[in-house]
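Residue numbers (the working numbering): 338 to 491.
All C-beta atoms, glycine included, are put in the ideal place defined by N, C-alpha and C.
Values in this document were obtained by computation on a predicted structure and should not be read as measured data.
Quick notes on the structure that follows.
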Amino acid sequence: MLVGPLSTTGWWVGLRSTQITKLLSISAVILAVVVPVFAQDDDQTSVCVQAEKRYVEIFETPSSEARDVVVIKMYKNNFCPNQITVPVGTTVRWVNVDKRTSHSVLAPAVGIAESDRAFPTERIEFTFLTPGPVNYMCGPHWETQGMMGVISVE
Ligand SMILES: [Cu+2]
Numbered sequence: 338m339l340v341g342p343l344s345t346t347g348w349w350v351g352l353r354s355t356q357i358t359k360l361l362s363i364s365a366v367i368l369a370v371v372v373p374v375f376a377q378d379d380d381q382t383s384v385c386v387q388a389e390k391r392y393v394e395i396f397e398t399p400s401s402e403a404r405d406v407v408v409i410k411m412y413k414n415n416f417c418p419n420q421i422t423v424p425v426g427t428t429v430r431w432v433n434v435d436k437r438t439s440h441s442v443l444a445p446a447v448g449i450a451e452s453d454r455a456f457p458t459e460r461i462e463f464t465f466l467t468p469g470p471v472n473y474m475c476g477p478h479w480e481t482q483g484m485m486g487v488i489s490v491e
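As structure tokens, then:
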């Protein structure tokens, strides 16, 4: 991709300045569209690394070692991880590892009403007995912070 200062050698030698301008603006548009997508993924990944650290601080064991449940952490308006696949019959445990904020879980599309608020270190659990995708969200944060997740029950 065309980035950085133009030099006097290169494939663009011979292009008219209007063509170069057009190429530069196309490059700018591509960068503007592509970069935020990657940035968002990086943000999600680093937030989830922090979330796991918080979990270990609180419970003194990795979230992957929780017995008989799959753990999703709730941290800084993210579900970590925000996409998982689980077998039918799995109990998912959402754990709030934030320091102050409370969160909830609801999935109106599959008839799951909003849970009580989980305050820091508290949990919400739900056992999925029906296959299919479950799009869920946090009541107070889905609209303003995009706090949403998907569970594929197989
Ligand atoms: Cu929330």
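CA nearest to the CA of Arg430, picked from Pro457, Tyr392, Glu389 and Phe463: Of the listed residues, the one whose Cα sits closest to Arg430 is Phe463.
Where Phe396 falls: helix, strand or coil (DSSP): Judged by DSSP in its simplified three-state form, Phe396 adopts helix.
Inter-stretch contact at 8 Å, needing at least 3 Cβ pairs: the stretch 386 to 393 / the stretch 440 to 450: By the C-beta criterion, the stretch 386 to 393 is judged not to be in contact with the stretch 440 to 450, since fewer than 3 inter-stretch pairs fall below 8 Å.
Segments of 3+ residues assigned as beta strand (DSSP E) that fall wholly inside the stretch 421 to 450: Entirely contained in the stretch 421 to 450, the beta strand (DSSP E) runs reaching 3 residues are, in chain order, 428 to 433.
Lys413 versus Asp435: straight-line alpha-carbon distance, rounded: Each residue's alpha carbon lies about 7 Å from the other.
Proximal residues to Arg454 (C-beta, below 6 Å), its chain only, five neighbours per side dropped: Excluding residues up to 5 positions away in sequence, Ser439 and Ser441 lie with their Cβ nearer than 6 Å to the Cβ of Arg454 in the same chain.
Buried or exposed by the 16-neighbour rule on C-beta atoms within 10 Å, applied to Asn415: By the 10 Å Cβ count, Asn415 comes out buried.
Own chain, CB closer than 7 Å to Thr422, minus 5 neighbours either side, in chain order: Its chain contains Ser489 and Glu491 as the residues whose beta carbon lies nearer than 7 Å to that of Thr422, once the 5 sequence neighbours on both sides are disregarded; these appear in chain order.
Spatial distance of Leu466 from Val406 (CA atoms): For the pair Leu466 and Val406, the Cα-to-Cα distance works out to about 14 Å.
Heavy atom of ligand 1 within 7 Å of Met484 beta-carbon: Yes, Cβ of Met484 sits closer than 7 Å to a heavy atom of ligand 1.
Where Gly486 falls, given that 16 or more other Cβ within 10 Å makes a residue buried: Answer is buried; the Cβ neighbour count reaches 16.
Local Cβ density within 10 Å of Asn472, reported as buried at 16 or more and exposed below that: Here Asn472 is exposed, its C-beta having fewer than 16 other C-beta atoms within 10 Å.
Proximity test, Asn419 beta-carbon vs ligand 1 heavy atom, cut-off 7 Å: No, Cβ of Asn419 sits at least 7 Å from all heavy atoms of ligand 1.
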